[in-house]
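Colleague: Dropping the structure in here first, questions after.
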Amino acid sequence: MVKELPRIINTSEYLLQGSVLDSAYPLLIERLKGLADAEYKNFSEHELVFANKRTTSLVYWHVRRSLDVGNSLYHLRYLSDPNKDDNRNCPTLVRKTIDCLATSNDMMGFLGEIGFRMQYEFVSKGVVFKKGPMKITVAKIHRVTEPGNPVKLEKVTESHLVEISVLIPSGQDLISSSVKEFADQLKP
0 MVKELPRIIN
10 TSEYLLQGSV
20 LDSAYPLLIE
30 RLKGLADAEY
40 KNFSEHELVF
50 ANKRTTSLVY
60 WHVRRSLDVG
70 NSLYHLRYLS
80 DPNKDDNRNC
90 PTLVRKTIDC
100 LATSNDMMGF
110 LGEIGFRMQY
120 EFVSKGVVFK
130 KGPMKITVAK
140 IHRVTEPGNP
150 VKLEKVTESH
160 LVEISVLIPS
170 GQDLISSSVK
180 EFADQLKP
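Going by numbering that gives the first Met the number 0, the residue at position 182 of the sequence shown is 181; the numbering climbs one at a time, nothing skipped.
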């Protein structure tokens with residue numbers, strides 16, 4: 000069964016991504032503790048990426064599940080390709096999103112039945128901060144060495160992925176400036 004998250008329809012994600020070397024990670028976390036809202040949370044998630052190759056252009060679904068909570072729901076996420084018109088004068092990447100929660104125990108079977116095949120999977124472990132509507136994640140990405148087993152891992156790089164994102168109704172480009180200004184405060 001698939002349930003749509005209570006969210007505004009026609010949502011856009013405003014996103015900036017970067018990386019920080021493992022050696023600079025403690026400094027970045029301290030800076031985020033000072034700049035972001037007081038609460039932050041550690042997380043560990045297993046993510047699988049599926050593509051439907053039967054269409055003229057690839058359609059991707061990201062299927063994520065928390066490893067911190069037993070029997071957690073699957074979070075399905077469709078991410079469109081960045082819209083060139085939206086990104087022309089915008090300091091962030093802008094793309095449409097659709098999010099939903101799924102209670103199925105056989106997500107791979109469900110997506111396979113509708114023509115999707117798994118492309119890759121990984122585990123991200125890190126910290127998530129909030130600053131108003133912005134979500135800031137700093138995560139170490141791990142390759143899953145035994146397909147379907149999120150315990151057998153190997154690190155991918157000597158750095159952490161940093162993402163700043165905001166989900167809001169389409170057409171509110173002013174938020175992109177706030178995302179860029181916040182990101183500029185994280186520079187060394």
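Heads up, the beta-carbon is just placed ideally off N, CA and C, and yes, glycines get one too.
Going by the CB atoms, is the gap between P81 and S176 shorter than 8 Å?
Modeller: No, they are not a contact pair.
Colleague: Which partner residues of E153 appear in the DSSP bridge assignment?
Modeller: DSSP, once it has assigned bridges, lists R142 as partnering E153.
Colleague: When the Cα atoms are used, what is the spatial distance from L15 to S22?
Modeller: The straight-line gap from Cα to Cα measures roughly 21 Å.
Colleague: I need the DSSP call for I28, collapsed to helix, strand or coil.
Modeller: Three-state DSSP puts I28 in a helix.
Colleague: Roughly how many angstroms separate the alpha carbons of I163 and M117, rounded to a whole number?
Modeller: Each residue's Cα considered, the two are about 26 Å apart.
Colleague: Between which two residues does the alpha helix (DSSP H) containing E112 stretch?
Modeller: Element bounds for E112: 106 to 112.
Colleague: Measure the Cβ-Cβ separation of A138 and K124 and say whether it is below 8 Å.
Modeller: It is a contact, given that the beta carbons lie within the stated cut-off.
Colleague: Rounded to the nearest angstrom, what separates N51 and G33 at their Cα positions?
Modeller: The straight-line gap from Cα to Cα measures roughly 43 Å.
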